[in-house]
Each structure stands twice: as structure tokens, then as C-alpha cells.
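Residue numbers for the sequence shown, in my numbering: 45 to 284.
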Amino acid sequence: MSAATSPRRSRSGAASGVTDPYIAPDFASSALVTIDTQRDTLDGQPFEVAGTSDALPHMQRLVEAFRAAARPVVHVVRLYQPDGRNVDPCRRRAVEEGAPLVLAGSPGAELAPGLLPAGAPRLETELLLAGGVQHVGPGEVLIYKPRWGAFYQTPLEAHLRALGVSTLVFCGCNFPNCPRASVYEASERDFRLVLVRDAVSGLYERGEQEMRAIGVMLMEADAVAARLLARPVGSVRSAS
């Protein structure tokens, strides 16, 4: 199969530019998911990922738009234990030998500037590592993921289902790894999907083609904000 399907037909397909009723995004029931945009990934930092600092203003535009529309925002993060016990095998030796990569409790593990609401607390490391959901604002949460995909061994799907979300808008750090894996996991769960091209680092032409092939709509941050804010403002329900 080359396109994602959903049992629920979208009511906003034509307005979004997608006419297939099974994959067209429905911004009235959408949520924003930011992936791994932490301070250590920015320019000049220990875990620098090219293009992440350039994409950051577009991510900030997205979170502001989702807050203005009272739609959910989920920030997904990595947190590595300094002794390496929860680190991916491909990075474990580096962390064990002292590499400062998004270490739990460190300043570099915090979200990049401008992504959290004003006055939001720091990451609650113990809660997140235990699989909890940290609430940082109305309809806005943090979730820790132990591996590439945002759905693997996390409460993300349950959180989204409780909110009645049908459409996920993805942005974040390093498309070939975690954003890509998270999009595929979301497709497997029949969510409608948007990838924001100017708000994700590491995106390349073949990757864009592969995203389109599984029913992902590629958009720019300003276009997402315009579509989102054109709809009647909805209220965010709290997940139990």
C-alpha cells in the first residue's frame, strides 16, 4: 500500500489541498508533535545537528499557532543517563566515555529556546524517564521516548486518543532518524499526517518523496498556521 488510510473521513480535504478523504489533514482535530529539539542539538552544541537552529524559528511559529488555536502540543525528547544504561547501542559507548549528549538533568537536555510556554518549568527528569507525561501549559505536554520513534514504549498514542486527535503535524530535529521513524509509526496507527518542511532539520528530496508515498502532506510552517487559525478555535480537552 502506498498511502495511509483512516476509517474517519476528513471534512477539510479540499481546503488543505488534499482531495483524498482518507488522508487529508483535519486541522480541527490536529495536534503538533515536536521531536528532539533540545539545546544540545543546536549550532555549536555537543550534539549539533545541521539545520536545527535554522528550523527553530519555524518550529516556534508552529507552537504559537497551535496555542492560539487551542490545539494540543506534544514535545517529545531524548534523555540519556550518564552511565549509558538507557542509551541506544549505537551511542552507548560514546556516552559511557563522557560524551555530553542530552544527559538527563543537564541544561543541554532542555528544550530549545522559544518552544515552551513562558514560565514553563524545567524537564521533570524522573517523571519523564518513568514514562510519565509532564504538563507544561494548557494542552501542552512533554513525553520522553527511549528510542527513535515517538510511539515506541511511550504514552503518546494513549494521550492523543484521549484528546480525539486524528491529524498529527510533525516538526523537529534530524528527519532521517527520529522524525522519520515517528511519522512511520503514526502512519501505522492510521493518523492523518503533515510534515512541516521548513521546521524539520535533515530533510532531503528522496525523503520528501517517500513521505508523500505513504500519504504524508508536506507543508510550510506559515501555511500550517494559516490553515489552523482559519478554523474556529476549539478547546483542548485534558487527557485523563
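Note that CB positions come from ideal geometry on N, CA and C, so glycine has one too.
Within 8 Å, strictly: CB atoms of residue i and residue j
i	j	result
Asp242	Ala99	yes
Leu147	Ala156	no
Val244	Glu264	no
Pro90	Asn130	no
Leu167	Leu186	yes
Thr169	Gly142	no
Tyr188	Leu207	no
Ile79	Pro220	no
Arg122	Gly128	no
Ile67	Gly259	yes
Ala291	Leu273	Past the boundaries of the shown model lies residue 291; the chain is included only from 45 to 284, so the question cannot be answered.
Val268	Val77	no
Same chain, Cβ closer than 7 Å to residue i, five either side skipped, listed in chain order
i	result
Arg52	For Arg52, the predicted model reports a pLDDT of 41, less than 50, meaning its position is unreliable and no value from the coordinates is stated.
Ala287	Given that the chain is displayed from residue 45 to residue 284, the structure contains no residue 287 and the question cannot be resolved.
Ser73	Gly208, Val209, Ser210 and Thr211
Glu201	Phe195 and Arg233
Closest Cα partner of residue i within the set the options
i	options	result
Glu184	Arg256, Asn221 and Pro116	Pro116
Gly158	Gly175, Thr198, Arg137 and Leu106	Leu106
Gly203	Gly216, Glu249 and Gln178	At residue 203 the sequence reads His, which differs from the Gly that was named. Nearest option by C-alpha distance: Gln178.
Arg205	Val227, Arg233, Gln197 and Val213	Arg233
Ala109	Leu160, Gln253, Ala257 and Tyr196	Leu160
Ala230	Gly176, Thr198, Pro133 and Cys134	Thr198
First and last residue of the uninterrupted alpha helix (DSSP H) at residue i
i	result
Ser73	Note, Ser73: premise wrong, no alpha helix (DSSP H); not H, not E.
Phe214	Taken as a continuous stretch (DSSP letters only), Phe214 belongs to no alpha helix (DSSP H), being part of the beta strand (DSSP E) at Thr211 to Gly216.
Tyr228	Cys222 to Glu232
Glu249	Glu249 to Ala257
Glu92	Segment: none, Glu92 is in no alpha helix (DSSP H) and carries neither H nor E.
Leu262	Careful: Leu262 lies outside any alpha helix (DSSP H), inside the beta strand (DSSP E) at Val260 to Met263.
Same chain, Cβ closer than 6 Å to residue i, five either side skipped, listed in chain order
i	result
Tyr124	Val131, Val139, Leu145, Val146 and Leu147
Ala225	Trp192 and Gly193
Met45	Caution is warranted here: a pLDDT of 39 is assigned to Met45, below 50, making its placement in the model unreliable, and the coordinate value is therefore given only provisionally. No residues qualify anywhere along the chain.
Ala58	Low local confidence applies: a pLDDT of 44 at Ala58 is under 50, so the model's placement there is unreliable, with the coordinate-based value given in what follows. None.
Spatial neighbours of residue i in its chain, beta-carbon cut-off 8 Å, leaving aside the 5 residues before and after
i	result
Pro126	Val139, Leu147 and Ala148
Ala94	Ser245 and Gly246
Gly251	Phe219, Pro220 and Arg224
Ile82	Checking the sequence shown, residue 82 turns out to be Gln, not Ile. Phe91, Val121, Arg122, Val146, Gly152, Ala153, Glu154, Leu155, Ala156 and Cys217, listed in sequence order.
Val238	Pro69, Ser74, Thr211, Leu212, Val213, Phe214, Val260, Met261, Leu262, Met263 and Val268
Residue range of the unbroken beta strand (DSSP E) whose run includes residue i
i	result
Leu145	From DSSP, Leu145 is part of no beta strand (DSSP E); its letter is neither H nor E.
Arg236	Arg236 to Val244
Three or more C-beta pairs closer than 8 Å, one from the stretch 92-112 and one from the stretch 251-266: is that the case here? By the Cβ rule, the stretch 92-112 counts as touching the stretch 251-266, because three or more pairs are nearer than 8 Å.
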